[in-house]
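Peer 1: Numbering-wise (the UniProt record's numbering), the sequence shown opens with residue 225 and increments by one.
Built from N, CA and C at the ideal position, the CB exists for glycine as well.
If you're wondering where the values come from, they're calculated on a predicted model, not measured in any experiment.
First the structure, then my questions, so here it is.
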Amino acid sequence: ARALEYLPGPRPVDDGLDFDRDHIWHPYTSALEPLPVNKVRSARGARIVLDDGRELVDGMASWWCAIHGYGRPELLRAARHQLGRLPHVMFGGLTHDPAIGLCRDLLDMAPDGLNHVFLADSGSVSVEAAIKMALQYMQAKGETGRTRLFTVRGGYHGDTCGAMSVCDPDNGMHHLFSGLLPKQIFAPVPDCPFREPFDPERFRETERIFRERQAEIAAVIVEPIVQGAGGMRFYHPEYLRRLRRLADEHGVLLILDEIATGFGRTGKLFACEWSSVTPDILCVGKALTGGTMTLAAVLATNDVARTISQDGGVFMHGPTFMGNPLACAVARASLGILRDTDWQARVRAVEGWLEESFGPCRELPGVADVRVLGAIGVVEMENPVNVPNLQRFFVDHGVWLRPFGKLIYAMPPYIINRDETARLGAAIHDAITARAHQ
Ligand code: PMP
Numbered sequence: 225a226r227a228l229e230y231l232p233g234p235r236p237v238d239d240g241l242d243f244d245r246d247h248i249w250h251p252y253t254s255a256l257e258p259l260p261v262n263k264v265r266s267a268r269g270a271r272i273v274l275d276d277g278r279e280l281v282d283g284m285a286s287w288w289c290a291i292h293g294y295g296r297p298e299l300l301r302a303a304r305h306q307l308g309r310l311p312h313v314m315f316g317g318l319t320h321d322p323a324i325g326l327c328r329d330l331l332d333m334a335p336d337g338l339n340h341v342f343l344a345d346s347g348s349v350s351v352e353a354a355i356k357m358a359l360q361y362m363q364a365k366g367e368t369g370r371t372r373l374f375t376v377r378g379g380y381h382g383d384t385c386g387a388m389s390v391c392d393p394d395n396g397m398h399h400l401f402s403g404l405l406p407k408q409i410f411a412p413v414p415d416c417p418f419r420e421p422f423d424p425e426r427f428r429e430t431e432r433i434f435r436e437r438q439a440e441i442a443a444v445i446v447e448p449i450v451q452g453a454g455g456m457r458f459y460h461p462e463y464l465r466r467l468r469r470l471a472d473e474h475g476v477l478l479i480l481d482e483i484a485t486g487f488g489r490t491g492k493l494f495a496c497e498w499s500s501v502t503p504d505i506l507c508v509g510k511a512l513t514g515g516t517m518t519l520a521a522v523l524a525t526n527d528v529a530r531t532i533s534q535d536g537g538v539f540m541h542g543p544t545f546m547g548n549p550l551a552c553a554v555a556r557a558s559l560g561i562l563r564d565t566d567w568q569a570r571v572r573a574v575e576g577w578l579e580e581s582f583g584p585c586r587e588l589p590g591v592a593d594v595r596v597l598g599a600i601g602v603v604e605m606e607n608p609v610n611v612p613n614l615q616r617f618f619v620d621h622g623v624w625l626r627p628f629g630k631l632i633y634a635m636p637p638y639i640i641n642r643d644e645t646a647r648l649g650a651a652i653h654d655a656i657t658a659r660a661h662q
């Protein structure tokens with residue numbers, strides 16, 4: 225330690241952070257004025273360990289993915305086993321047990337009526353595939369006028385072009401590309417909170433727009449119950465039931481994007497179970513592998529699959545890494561953990577702890593709303609927050625949270641404990657009290 229005192233400069237060794245700043249893009253950042261990043265050494269359970277040894281309670285589950293926590297032995301074992309046998313092989317003309325086993329398990333767990341699986345390598349790609357399925361379905365039926373997607377404002381479905389076209393056009397992330405994107409049909413934000421009585425008035429405008437444009441619509445695409453990156457809103461199950469009915473009435477498909485909500489996050493295995501609604505096409509990703517590998521999937525009904533395939537039709541998509549055996553093996557192990565553990569009790573417990581520790585923020589000045597559903601806790605501020613300031617405050621206070629817009633929120637691994645959850649809530653409370661958000 226004495227030697228370090230005499231070394232010039234703030235960092236005695238090349239830790240790579242200068243290179244990172246000068247040469248590596250991080251999500252949504254400037255190459256000239258990048259936001260500061262923290263370097264991670266390892267992660268275990270619900271903790272992330274930084275390079276300097278500091279331990280942070282993880283409130284993000286790596287953007288919804290790491291539901292079982294980090295370093296979970298079942299997932300590592302599955303990865304090691306598969307790595308030694310067959311880490312990758314093309315899926316065109318070949319198949320393998322990890323893919324077969326995973327798809328069998330997925331269809332077993334998914335809402336009834338879904339019978340076909342297309343394996344993708346990321347959430348956005350699964351949304352592209354889902355949109356193409358809907359468009360091919362309508363073409364195969366001869367309904368060539370049905371070329372648009374109907375969706376709601378406040379949604380988020382990914383950063384590729386098709387996915388961007390169904391995101392909220394005013395979300396500030398995608399407007400640079402608005403000239404290029406297909407023009408979709410948007411209804412207002414589903415402004416009918418999950419925990420309040422459903423007000424049919426709140427559906428009227430959505431219904432009006434749908435009926436007016438119905439002849440152009442191939443499919444409805446929405447995130448069920450929870451709008452994630454578009455605002456962390458929880459809407460009423462009845463809203464989704466009404467969308468399903470409207471779609472059915474007009475022969476329009478329903479695509480549900482459960483990439484964030486799937487695999488237990490809202491307290492149900494799939495968020496659409498809150499409404500007892502089954503989609504025609506379902507997108508899953510993120511937590512599918514427990515956050516250890518990149519994998520996503522699109523599930524479709526017999527009707528969708530057979531209609532596209534009639535008269536020699538083929539589904540026109542095929543990413544290089546689709547069906548990657550390593551990812552499939554890990555995903556299968558992750559579904560196995562869900563099957564073999566009482567994840568529902570865990571998520572219920574986390575919901576209670578989030579309510580307990582985030583609830584006191586309701587009393588603070590500048591807080592517009594605090595809401596909790598399953599293992600998701602949200603503190604919505606009245607004004608946009610200062611993200612770099614807050615991020616620094618949180619790291620200094622031993623937690624990992626990543627606010628955006630007016631939102632400070634957490635969706636931790638399901639294995640987080642009460643004390644760790646309390647630390648997340650206390651850090652948010654202290655940050656607002658210290659005005660670190662301004
Ligand atoms: N849909 C939803 C609901 C999402 O939350 C995300 C990712 N935040 C995506 C799609 C895109 O997934 P990916 O980032 O894996 O492409």
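1. Would you be able to state if there are at least three C-beta pairs under 8 Å between the segment 474-487 and the segment 442-457?
2. For GLU575, is the classification buried or exposed, using 16 other Cβ atoms within 10 angstroms of its Cβ as the cut-off for buried?
3. Determine the burial state of ALA495: buried for a count of at least 16 other Cβ atoms within 10 Å of its Cβ, exposed for fewer.
4. Following a CB-centred definition, is residue 215 positioned closer than 8 Å to any heavy atom of the ligand PMP?
5. Of all the beta strand (DSSP E) runs that stay within the bounds of the segment 588-617, which reach a length of 3 or more residues?
6. Tell me which residues share the same chain as residue 190 and place their Cβ nearer than 6 Å to its Cβ, disregarding the 5 neighbours each side in the sequence.
7. Beta-carbon within less than 8 Å of ALA227's beta-carbon, same chain only, minus the 5 sequence neighbours each way: which residues are those?
8. Kindly give me the distance between the Cβ atoms of VAL609 and ILE639, rounded to whole angstroms, as I take these residues to be in contact under 8 Å.
9. Could you pull out every unbroken alpha helix (DSSP H) segment of at least 4 residues lying fully inside the segment 383-428, listed in chain order?
10. With the cut-off set at 9 Å, would you say THR375 and VAL351 are in Cβ contact?
11. What do you get for HIS399, buried or exposed, if any count of 16 or more other CB atoms within 10 angstroms of its CB means buried?
12. Answer with buried or exposed for ASN548, where buried requires no fewer than 16 other C-beta atoms within 10 angstroms of its C-beta.
13. By DSSP, does VAL476 sit in helix, in strand, or in coil?
14. Please find out if some non-hydrogen atom of the ligand PMP comes closer than 8 Å to the beta-carbon of CYS385.
15. According to the Cβ coordinates, are GLU440 and GLY369 closer than 9 Å?
16. Can you name, in chain order, every residue of its own chain whose Cβ lies under 7 Å from the Cβ of ASP654, other than the five neighbours on each side?
17. Is ILE483 near the ligand PMP, in the sense that its beta carbon is under 8 Å from a heavy atom of that ligand?
18. Mind checking whether the beta-carbon of GLU447 lies closer than 8 Å to any heavy atom of the ligand PMP?
19. Given this structure, state the Cα-to-Cα distance separating VAL237 from ARG268, to the nearest angstrom.
Peer 2: Quick look at the numbers:
1. yes
2. buried
3. buried
4. This structure does not reach residue 215, given that the chain is present from 225 up to 662, and the question cannot be answered.
5. 591-597 and 600-605
6. One cannot answer for residue 190 here, as it falls past the ends of the chain, which runs 225 to 662.
7. At ALA227 the pLDDT is 46, less than 50, meaning the model places this residue with poor confidence and gives no usable figure here.
8. VAL609 to ILE639, Cβ: 28 Å. No contact.
9. The segment 383-428 contains these whole alpha helix (DSSP H) runs: 385-389.
10. At the C-beta level, THR375 and VAL351 stay beyond 9 Å of one another.
11. exposed
12. buried
13. Under the three-state reduction of DSSP output, VAL476 falls in the coil class, being neither helix nor strand.
14. no
15. yes
16. HIS621
17. Yes.
18. yes
19. 26 Å
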